[in-house]
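Residues 25 to 306 in my numbering are what the sequence shown lists, from first letter to last.
Working notes for the structure below.
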Amino acid sequence: MQTVTLNNGIEMPILGFGVFQVGADETQKAVESALSAGYRLLDTAAAYGNEDAVGAAIKASGIARDELFITTKLWIQDAPAEENTTRAFDESLQKLGLDYLDLYLMHQPFGDVYGQWRAMERANKEGRARAIGVSNFAADRLIDLIVNNEIVPAVNQIETHPFKQNNDYHELLSKEGVQIESWGPFAEGKNGLFTNDVLTKIGDAHGKSVAQVVLRYLTQRQIVVIPKSVNPDRMAQNLDVFDFELTADELESIKALDTGASQFFDHADPETVRHLAARRLS
Ligand code: NAP
Numbered sequence: 025m026q027t028v029t030l031n032n033g034i035e036m037p038i039l040g041f042g043v044f045q046v047g048a049d050e051t052q053k054a055v056e057s058a059l060s061a062g063y064r065l066l067d068t069a070a071a072y073g074n075e076d077a078v079g080a081a082i083k084a085s086g087i088a089r090d091e092l093f094i095t096t097k098l099w100i101q102d103a104p105a106e107e108n109t110t111r112a113f114d115e116s117l118q119k120l121g122l123d124y125l126d127l128y129l130m131h132q133p134f135g136d137v138y139g140q141w142r143a144m145e146r147a148n149k150e151g152r153a154r155a156i157g158v159s160n161f162a163a164d165r166l167i168d169l170i171v172n173n174e175i176v177p178a179v180n181q182i183e184t185h186p187f188k189q190n191n192d193y194h195e196l197l198s199k200e201g202v203q204i205e206s207w208g209p210f211a212e213g214k215n216g217l218f219t220n221d222v223l224t225k226i227g228d229a230h231g232k233s234v235a236q237v238v239l240r241y242l243t244q245r246q247i248v249v250i251p252k253s254v255n256p257d258r259m260a261q262n263l264d265v266f267d268f269e270l271t272a273d274e275l276e277s278i279k280a281l282d283t284g285a286s287q288f289f290d291h292a293d294p295e296t297v298r299h300l301a302a303r304r305l306s
């Protein structure tokens, strides 16, 4: 598996497996299938409610801990945020059955971000989180976090797919030493992604599916991807994307599919902020 090197020297697989919207009851089976297919990077979150099942699958796999790259995410904490973040971190570790994480992400740019980040910095310094990063941070919030804190986030996990490519932001992130990681690489199939003419034609030229073209497009541009699938054939298909190369013309025609807009919701929309910022995990 190809890797990217994060800003603290840690190697992260460029392609992994996401488990958002995989029910707690089907997660263990899905993750076990993904691990046997060859995935080594797993992406979950406290908010997905399936960390225990991910942990059970890791344990059942028997794969050595240092061959895996495990990411989970902190949900927004009430005050005192530092203390509560440390408690939430411990809970996630316990559910996953691990004594350290490879990457711990702040899931949303809301609440007492600075208190949360200080606790994450501490977990990183103690070696309990090998890398720390953020998710859903727009450029202004990310730069503010960087200039006002000690540790620069290693990763920003943001909605990134052919219809929302974040090309300018990708450049800024690279300059700041923050690895871009795509969530929703297929836009969950929205906007007709899997039947898009441009992507289908490029796939036909390489004997690859639309999903494989999308994952190649992103990984060829050094974007980490974590596609989700509960179907073992599609899991295998989504891993098999490193034996072909998109041409400059193909890259350009996919670049032209960018709409610049979210297929889900805009984290800068006041209603989205109200909705997400008010949510607490029970
Ligand atoms: P996604 O990966 O863009 O799309 C998943 C959908 O595509 C599922 O319906 C899946 O169906 C289908 N699919 C997968 N492979 C396929 C293939 N080869 N051909 C046809 N269909 C295929 O969506 P996502 O789950 O939202 O995003 C991926 C991961 O990103 C998540 O699981 C999560 O880890 C992370 N994420 C993070 C955030 C955040 O706020 N940080 C937000 C959303 C997601 P089947 O399962 O039936 O195959």
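Ideal Cβ placement from N, Cα and C applies to all residues, glycine included.
Source: prediction; values computed, not measured.
8 angstroms contact criterion, which residue i and residue j should meet: CB distance rounded
i	j	result
residue 98	residue 109	6 angstroms
residue 158	residue 169	7 angstroms
residue 188	residue 79	Not really, about 32 angstroms apart at Cβ, beyond 8 angstroms.
residue 281	residue 133	With 8 angstroms as the limit, residue 281 and residue 133 do not qualify as a contact, their Cβ atoms being about 27 angstroms apart.
residue 263	residue 88	That pair is no contact at about 19 angstroms.
residue 139	residue 106	5 angstroms
residue 287	residue 28	Incorrect: roughly 25 angstroms between the Cβ atoms, too far for contact.
Pick from the options that is closest to residue i, judged by C-alpha positions
i	options	result
residue 312	135, 251, 148	Residue 312 is absent from the model: the chain starts at 25 and stops at 306.
residue 230	244, 267, 245	267
residue 131	91, 79, 104, 71	71
residue 255	25, 49, 55	55
residue 386	276, 196, 173, 236	The structure shown does not extend to residue 386, since the chain spans only 25 to 306, so no value can be given for it.
residue 223	206, 212, 241	241
residue 104	137, 193, 299	137
residue 207	28, 35, 43	43
residue 300	92, 100, 286, 59	100
residue 166	146, 150, 198	198
residue 209	164, 193, 238	238
residue 146	172, 164, 113	113
C-beta atoms of residue i and residue j nearer than 9 angstroms
i	j	result
residue 182	residue 160	yes
residue 39	residue 63	yes
residue 265	residue 37	no
residue 124	residue 144	no
residue 41	residue 232	no
residue 270	residue 226	yes
residue 279	residue 191	yes
residue 94	residue 49	no
residue 250	residue 154	no
Neighbourhood of residue i by C-beta distance below 7 angstroms, restricted to the same chain and skipping five residues each side
i	result
residue 75	68, 96, 116, 119, 120
residue 85	56, 59
Cutoff 8 angstroms; reference residue i; Cβ partners in own chain excluding five residues on either side
i	result
residue 219	234
residue 292	162
residue 47	74
Own chain partners of residue i with C-beta closer than 6 angstroms, once the 5 adjacent residues on each side are dropped
i	result
residue 177	157, 158, 202
residue 26	38
residue 216	none
Cβ-heavy atom distance, residue i to the ligand GDP, below 8 angstroms
i	result
residue 303	Annotation note on the ligand GDP: not contained in the displayed structure, which lists the ligand NAP as its ligands.
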